[in-house]
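One structure is given here, and the rest of the page talks about it.
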Amino acid sequence: MSAVLEVRGLSVRFAGLQALSEVSVVAAAGEVLGLIGPNGAGNTTFINAVSGAVKSRGRVEFEGRDISGLPPYRVARLGLARTYQIVQPFPAMTVLDNVAAGALFCGEGLSLAQARARAEGVLERVGMAAVARVPAASLTLAQRKRLEVAKGLAARPRMLLLDEVNAGLNSTEIEGALALIRSIAAEGITVLLVEHLMKVVSGLCDRVVVLHHGRLIADGTPGDVLADAAVVEAYLGRRYAERAGV
Amino acid sequence: MKALAAVIAVVVMIAAGGLGAAYPLKLATLLAMYATMASSWNVIGGMAGYPSFATAAFFGVGAYAGALAQAAGVPMPLAWAWAGIVAGVVALAVGWLVLPLRGHYFAIASLAVMIVLRQIATNWTGLTGGGMGLSLTVPTWDTLTQARVFYVGQAAVAALAVLVAALVSRSRLGFALRCIRQNETAAGMLGLNARRAKTIAFVLSAALVGPAGAIYASATSYIEPGDVFDSLLTVEPIIMTMLGGPGTVAGPLLGAAIFLTLEQTVWANFLSVHAAVLGVLVIVLALALPNGVLGWRRAA
Chain A
1 MSAVLEVRGL SVRFAGLQAL SEVSVVAAAG EVLGLIGPNG AGNTTFINAV
51 SGAVKSRGRV EFEGRDISGL PPYRVARLGL ARTYQIVQPF PAMTVLDNVA
101 AGALFCGEGL SLAQARARAE GVLERVGMAA VARVPAASLT LAQRKRLEVA
151 KGLAARPRML LLDEVNAGLN STEIEGALAL IRSIAAEGIT VLLVEHLMKV
201 VSGLCDRVVV LHHGRLIADG TPGDVLADAA VVEAYLGRRY AERAGV
Chain B
247 MKALAAVIAV VVMIAAGGLG AAYPLKLATL LAMYATMASS WNVIGGMAGY
297 PSFATAAFFG VGAYAGALAQ AAGVPMPLAW AWAGIVAGVV ALAVGWLVLP
347 LRGHYFAIAS LAVMIVLRQI ATNWTGLTGG GMGLSLTVPT WDTLTQARVF
397 YVGQAAVAAL AVLVAALVSR SRLGFALRCI RQNETAAGML GLNARRAKTI
447 AFVLSAALVG PAGAIYASAT SYIEPGDVFD SLLTVEPIIM TMLGGPGTVA
497 GPLLGAAIFL TLEQTVWANF LSVHAAVLGV LVIVLALALP NGVLGWRRAA
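For the protein sequence lines, the chains are A and B, in the order given. In this text, residue positions in the first sequence follow this note's numbering: the first is 1, and each later residue adds one. In this text, residue positions in the second sequence follow this note's numbering: the first is 247, and each later residue adds one.
In structure tokens, the structure reads:
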């Protein structure tokens, strides 16, 4: 499979803190790539750097095009969408208009009416059609997380960066979110998933990369990575390894 | 429907004043000018949520651009239109620099724009007459005809300002500005070039205020920096918009009418302390109606 996203030597520094150090990651077309690591390892910073939200060094290629240093809006228009760990709705706007914004700004030149028509379809698909006319501020956390995904999908991206879309959800809500991510992947959209729930990682991801203190410490199949001694030491802990029998 | 009623009421006020004698005509001209300033501020301040304190800067630029054009022999209506172009071009240059700033930083930078332009107008004596001011030559009609001409000019600019605000509000740009107001970072991440959208809004806002400044200059026949680059001119449109309902098309228009009514009532009854009384009234109204009169009516 060809690479959709190719990151080489990505580094990010915040004043005295080296948040990412020479991280290289490749995402193949159509795969679900898990990005895991302890809190503060640099997972969200990685997504921020790839999407242009923070300044970085190194090279980021999307579909063979160098997108290093591009502002976020230009990265998004190339077909690389993202969600936020802390959801970022337009709170006073309706759910429909939140999703329409994703369609309107993605660079296809849609009219407002066309963007809203597409948003109706996306909301139907993610199971939120019933709340299309309510303000985003009135949604539950699970619905807000789903709204983030819907906004990304409205742009018809080729790759979606999902930052902890399951954080704070109960087990039923997580099952629903997993089904949605599976359906997205089944459409051929490449997914990079930042996640802390190992059940999700092992059940969903084709491949997993692990960050620790801003460095890449493992890259492989979920089975191999979750059994990796360095990953167990840095992130999962021995108790998890014993329980999981790795 | 209530918003439409408010628009019609203010339009009737302006139109009725225009049919009257000198004093109603003066009030109608002032109301039209206030409506222009509030509606144009609303495009950047109300819709995009960027608290611009640069309104007086573009009013002043328009006043001087119009006055200088008239001095160069340009017919008065063309000089007024030219003032809009000049104010828009200045806003384009200034906006590109200050619009990446947000919140208080943008507010302070936009205020600084007005102060810097006033200093330029004060010190560039060869062009502007400096502190001595600039006298304009206007056609020698009788007083009432002159007043009617300036009234028609201000009313036409006000109509244009409200029309532009209405078109922007319904357009992709208006949608983008509302997204910027609520979450600019998220809008950018979805593909919106927020800087471009804000700059267009800023330029539109300035290009509408510029002609109002030029007509004001023609009407007074004399301008000086402290008069047209006046910080009150920067604050009043914000108060008017907040009184009527920020982010709406009808709100600034309604707010302009409320403000003018308060202002004239206070002037007539509290001449020596009018500014203080007006200030207290505005504070009371802002506390009672945080979303403006239209916001209150929506909630009722």
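Here a beta-carbon is modelled for each residue, glycine too, at the ideal position from N, C-alpha and C.
Would you check if there are 3 or more beta carbon pairs closer than 8 Å linking the region 12-30 of chain A to the region 172-183 of chain A? No, the region 12-30 of chain A does not touch the region 172-183 of chain A.
Within the continuous beta strand (DSSP E) that includes A/H212, where are the two ends? In the DSSP assignment, A/H212 falls within the unbroken beta strand (DSSP E) covering 207-212.
When the distance is taken between beta carbons, is B/A262 closer than 8 Å to B/L390? In this structure, B/A262 does not lie closer than 8 Å to B/L390 by Cβ.
Expressed to the nearest angstrom, what Euclidean distance is found between the alpha-carbon atoms of B/A496 and B/M293? One C-alpha to the other measures close to 13 Å.
What residue ranges within the region 50-123 of chain A form continuous beta strand (DSSP E) runs of no fewer than 3 residues, ordered along the chain? Here the runs fully enclosed are 57-62, 80-82.
Are the region 316-328 of chain B and the region 481-490 of chain B touching by the rule of at least three beta carbon pairs closer than 8 Å? Short answer: they don't touch.
Can the beta-carbon of B/L423 be found closer than 8 Å to that of B/A443? B/L423 places its beta carbon less than 8 Å from that of B/A443.
Exposed unless 16 or more other CB atoms sit within 10 angstroms - verdict on B/Q400: Per the 10 Å Cβ criterion, buried.
Please check if any C-beta of chain B sits within less than 8 Å of the C-beta of A/M159. No, A/M159 does not count as interfacial toward chain B.
So within the region 9-55 of chain A, which uninterrupted beta strand (DSSP E) runs reach at least 3 residues, ignoring any that extend past its ends? Whole beta strand (DSSP E) segments, 3+ residues: 17-28, 32-36.
Between A/S11 and the rest of its own chain, which residues show a CB-CB distance below 7 Å, the 5 nearest in sequence each way excluded? Correct list, in chain order: L20, S21, E22, S56, R57, G58.
Alpha carbon of A/R118 to alpha carbon of A/F62, nearest angstrom: Approximately 25 Å between the Cα atoms of the pair.
If you drop the 5 nearest sequence neighbours on each side, which residues of the same chain put their C-beta closer than 8 Å to that of B/Y468? G379, L380, S381, L382, listed in sequence order.
Check whether chain A comes within 8 Å of B/G341, counting only Cβ atoms and requiring the distance to be less than that. Chain A contact via Cβ: absent.
Does the beta carbon of A/A113 sit closer than 8 Å to a beta carbon anywhere in chain B? With respect to chain B, the C-beta atom of A/A113 has no partner C-beta closer than 8 Å.
Helix, strand or coil: which one does DSSP assign to B/S381? Looking at B/S381 - three-state DSSP - the assignment turns out to be strand.
Output, in chain order, the set of chain A residues within a Cβ distance shorter than 7 Å of B/N439. Residues of chain A passing the Cβ test: Y73.
Test item: CB-CB of A/T83 and A/E124 under 8 Å: Not in contact: A/T83 and A/E124 (Cβ atoms no closer than 8 Å).
A/A119 touches chain B at which residues, Cβ-Cβ below 8 Å? Listed along chain B, no residue sits closer than 8 Å to A/A119 by beta-carbon distance, the nearest being about 12 Å off.
I'd like the list of long-range same chain contacts for B/A460, defined as Cβ closer than 7 Å, with 5 residues on each side in sequence excluded. Only G308, A309, A311, G312, A325, W326, A329 meet the Cβ criterion.
Any C-beta of chain A under 8 Å from that of B/A545: Residue placement at B/A545 is flagged as unreliable, the pLDDT there being 46, under the threshold of 50; a coordinate-derived value is accordingly withheld.
Give a yes or no on whether the minimum CB-CB distance between A/S51 and chain B is below 8 Å. With 8 Å as the cut-off, A/S51 counts as an interface residue toward chain B.
Would the beta-carbon of B/A268 be found less than 7 Å away from any heavy atom of the ligand SAM? As far as ligands go, the structure on display features none, and thus does not contain the ligand SAM.
Segment contact, 8 Å Cβ cut-off, at least three pairs: the region 79-93 of chain A with the region 23-42 of chain A: Counting Cβ pairs under 8 Å, fewer than three are found: no touch.
If we cut at 8 Å on Cβ distances, does A/F105 have a partner in chain B? At least one chain B Cβ lies under 8 Å of A/F105.
Three or more C-beta pairs closer than 8 Å, one from the region 84-101 of chain A and one from the region 444-457 of chain B: is that the case here? Verdict: no, contact absent.
Quick check: what's the CA-CA separation for A/S202 versus A/R158? Those two C-alpha atoms are separated by around 23 Å.
Note the first and the last residue of the continuous beta strand (DSSP E) segment covering A/G220. It spans 215-220 - the beta strand (DSSP E) in which A/G220 sits, taken as one unbroken run.
So which residues of chain B does A/G102 contact, with C-beta pairs closer than 9 Å? Going along chain B in sequence order, the residues near A/G102 (Cβ under 9 Å) are L436, G437.
Which partner residues does B/M259 have in the DSSP bridge list? Here B/M259 is not bridged, per DSSP, to any residue.
Going along the region 172-206 of chain A in order, which residues come within less than 9 Å of chain B, judged by CB to CB distance? Result list empty, no residue passes.
Assigned secondary structure, B/A545 (DSSP; H/G/I helix, E/B strand, else coil): Note that B/A545 scores 46 on pLDDT, short of 50, meaning its location in the model is unreliable; the coordinates nonetheless yield the value given after this. Reduced to three states, the DSSP call for B/A545 is helix.
Going along chain A in order, which residues have a C-beta closer than 7 Å to the C-beta of B/T494? By Cβ distance, chain A contributes nothing, its closest Cβ being about 13 Å from B/T494, past 7 Å.
Looking at B/A303 and B/L556, is the spacing between their C-beta atoms short of 8 Å? In the structure as shown, chain B starts at 247 and stops at 546, and residue 556 of chain B therefore has no counterpart that could be examined.
Mind the definition here: the region 206-214 of chain A touches the region 231-240 of chain A only if three or more C-beta pairs lie below 8 Å; say whether that holds. Result yes; three or more Cβ-Cβ pairs closer than 8 Å.
Which chain B residues sit within Cβ distance under 7 Å of A/A76? Those are M435, L436, G437, listed as they occur along chain B.
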